[in-house]
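What follows is a short report on a single structure.
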Amino acid sequence: MRVHLLAFAVTAIAALPPAAHAIDCARASSPIEHMICGNSALLRADAAMGTAYAAILKAAPDPEIHAMLVTSQKRWIAARDDAFGHLDKVTDGRTGEGFSKATQRSLVLRATQDRTKDLTAMSDKDPKQLRLIQAALKQRRFAAQFIGGPFAGFDTSCGFLPRNGGDPGYDYACFGTLQYQNSDRICGQTQDWATYRVYTSRTIADVVAGEPKLIATCKEDGCFDDEAHDTGWNTYPDAASDGIVLPKSLRKLDAEVGDEEEEPWLKACLTDKHFPQTGSHK
Numbered sequence: 470m471r472v473h474l475l476a477f478a479v480t481a482i483a484a485l486p487p488a489a490h491a492i493d494c495a496r497a498s499s500p501i502e503h504m505i506c507g508n509s510a511l512l513r514a515d516a517a518m519g520t521a522y523a524a525i526l527k528a529a530p531d532p533e534i535h536a537m538l539v540t541s542q543k544r545w546i547a548a549r550d551d552a553f554g555h556l557d558k559v560t561d562g563r564t565g566e567g568f569s570k571a572t573q574r575s576l577v578l579r580a581t582q583d584r585t586k587d588l589t590a591m592s593d594k595d596p597k598q599l600r601l602i603q604a605a606l607k608q609r610r611f612a613a614q615f616i617g618g619p620f621a622g623f624d625t626s627c628g629f630l631p632r633n634g635g636d637p638g639y640d641y642a643c644f645g646t647l648q649y650q651n652s653d654r655i656c657g658q659t660q661d662w663a664t665y666r667v668y669t670s671r672t673i674a675d676v677v678a679g680e681p682k683l684i685a686t687c688k689e690d691g692c693f694d695d696e697a698h699d700t701g702w703n704t705y706p707d708a709a710s711d712g713i714v715l716p717k718s719l720r721k722l723d724a725e726v727g728d729e730e731e732e733p734w735l736k737a738c739l740t741d742k743h744f745p746q747t748g749s750h751k
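Just remember that our numbering sits 469 ahead of the position in the sequence shown, which is counted from 1.
This is the structure in structure tokens:
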């Protein structure tokens with residue numbers, strides 16, 4: 470069964486401080502905040518993450534990217550609390566045993582250190598630019614090639630995923646839907662995670678009477694050959710039976726998902742009204 474991540478509610482994100490800097494132990498309230506404030510290693514790691522977060526906010530070139538970074542950090546904190554806040558009260562699915570306080574602290578420490586690395590990582594293509602900011606700028610440049618519209622943007626879910634192969638650790642990952650719009654054409658890609666693997670699907674829709682009408686879909690490797698990227702599509706999709714719902718009210722930037730420059734089919738889809746020229750029935 471494929472499920473989106475993020476079991477926690479949106480209200481949990483909204484309740485966080487506006488900038489989500491380093492923890493204020495004088496105001497600690499949740500179990501995980503008390504755990505961090507009671508452990509010197511966790512407190513140092515949280516302070517380092519807060520410093521890195523303040524620096525990346527300062528480096529944001531405009532208010533839109535600044536807001537994206539704030540949302541990203543709030544989302545990470547909410548995912549951390551959801552995954553590790555009550556870990557001492559649940560059972561390890563691999564061993565059948567409960568998680569110790571020491572294991573809980575170790576996982577939170579590793580997650581915080583990894584987040585600090587993400588916030589301070591530099592772009593491979595521009596060593597003077599932070600990676601998350603560079604990714605957002607790339608998304609903006611890609612979108613600027615097209616007219617855009619209300620159905621363009623990102624619908625993202627993030628969480629801590631258990632590692633496979635007996636490793637007791639967790640990795641933070643983001644999945645979801647990215648959509649681009651060019652006049653009345655909408656092209657999108659969705660990635661979900663389940664049973665230790667990523668599932669990918671693609672959709673094409675046309676805007677009819679102000680609403681998206683699904684015209685083609687593909688799943689997994691059926692249309693992923695970049696040399697013949699208009700083959701393997703189902704051009705007779707049934708949105709209801711396939712459980713496909715094209716999201717609305719999307720975020721315009723989300724640096725933690727998508728790499729549009731690695732998806733050449735998107736530009737073909739958005740600029741050619743006859744795409745896909747070939748397809749297949751289910």
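We put the CB at the ideal spot given by N, CA and C, even for glycine.
Practice task
Taking only runs that begin and end inside the region 610-662, name each unbroken beta strand (DSSP E) of 3 or more residues, in chain order.
Solution key: 622-631, 639-651
Problem - Among L576, R720, A521, I673, the one whose alpha carbon lies nearest that of L556 - result: Taking the sequence shown and counting its residues from 1, the one referred to as residue 556 is at position 87. Comparing Cα positions, the closest option is L576.
Problem - 8 Å Cβ shell around H535 - same chain, five flanking residues per side excluded - result: To locate residue 535, count along the sequence shown from 1; it is residue 66. Around H535: L526, A529.
Exercise for the section: Please list, in chain order, all residues of the same chain as M504 whose beta carbon is under 6 Å from its beta carbon, the five residues on each side excluded. Expected result: By one-based count along the sequence shown, residue 504 stands at place 35. Answer for M504: no residue qualifies.
Problem - Proximity winner among R609, A678, F620, relative to L722 (alpha-carbon distances) - result: For this step, residue 722 is matched to residue 253 along the sequence shown. Nearest C-alpha to L722: R609.
Practice task
Please state if the CB of L683 and the CB of P716 are separated by a distance shorter than 8 Å.
Solution key: Position 247 of the sequence shown, counted from the first residue, corresponds to residue 716. Position 214 of the sequence shown, counted from the first residue, corresponds to residue 683. No, they are not a contact pair.
Practice task
Check R587 in the structure and name its three-state DSSP category.
Solution key: Position 118 of the sequence shown, counted from the start, is the residue given in the question as residue 587. The amino acid at residue 587 is misidentified as Arg; the sequence shows Asp. Three-state DSSP puts D587 in a helix.
Exercise for the section: Pull up the distance between the alpha-carbon of T520 and that of L511, whole angstroms please. Expected result: Translated into positions along the sequence shown, residue 520 becomes position 51. Translated into positions along the sequence shown, residue 511 becomes position 42. Answer to the nearest angstrom: the Cα atoms are 14 Å apart.
Practice task
Pair every Cβ in the region 650-666 with every Cβ in the region 593-603, then say whether three or more of these pairs are closer than 8 Å.
Solution key: no
Problem - Within 8 Å, strictly: CB atoms of R720 and G622 - result: To locate residue 720, count along the sequence shown from 1; it is residue 251. To locate residue 622, count along the sequence shown from 1; it is residue 153. It is a contact, given that the beta carbons lie within the stated cut-off.
Exercise for the section: Pick helix, strand or coil for L599, following the three-state DSSP scheme. Expected result: In the sequence shown, residue 599 corresponds to position 130, counting from 1. Note: L599 maps to strand in three-state DSSP.
Practice task
Please state if the CB of I616 and the CB of N651 are separated by a distance shorter than 8 Å.
Solution key: On the sequence shown, position 182 is the one that residue 651 refers to. On the sequence shown, position 147 is the one that residue 616 refers to. Contact: yes.
Handout entry: Span of the beta strand (DSSP E) around P681
Key = Against the sequence shown, residue 681 aligns to sequence position 212. Per DSSP, P681 belongs to the beta strand (DSSP E) from 680-688.
Exercise for the section: Kindly give me the distance between the Cβ atoms of V726 and F644, rounded to whole angstroms, as I take these residues to be in contact under 8 Å. Expected result: As a position in the sequence shown, residue 726 is number 257, starting the count at 1. As a position in the sequence shown, residue 644 is number 175, starting the count at 1. Between F644 and V726 the Cβ distance is about 7 Å, and since that is below 8 Å, they are a contact.
Practice task
Along the beta strand (DSSP E) that carries D675, what are the first and last residues, could you check?
Solution key: The sequence position of residue 675 within the sequence shown is 206, counting from 1. Note, D675: beta strand (DSSP E), 666-677.
Problem - Status (buried if at least 16 other CB within 10 Å, exposed otherwise) for C494 - result: Walking along the sequence shown from the start, residue 494 turns up at place 25. Exposed.
Exercise for the section: Whole angstroms is fine: what's the gap from P631's alpha carbon to F553's? Expected result: Start at 1 with the first residue of the sequence shown, and residue 631 comes out as number 162. Start at 1 with the first residue of the sequence shown, and residue 553 comes out as number 84. Approximately 12 Å between the Cα atoms of the pair.
Handout entry: For G638 and R600, believed in contact at Cβ under 8 Å, the rounded distance
Key = As a position in the sequence shown, residue 600 is number 131, starting the count at 1. As a position in the sequence shown, residue 638 is number 169, starting the count at 1. Going by Cβ atoms, the distance from R600 to G638 rounds to 22 Å, so no, they are not a contact pair.
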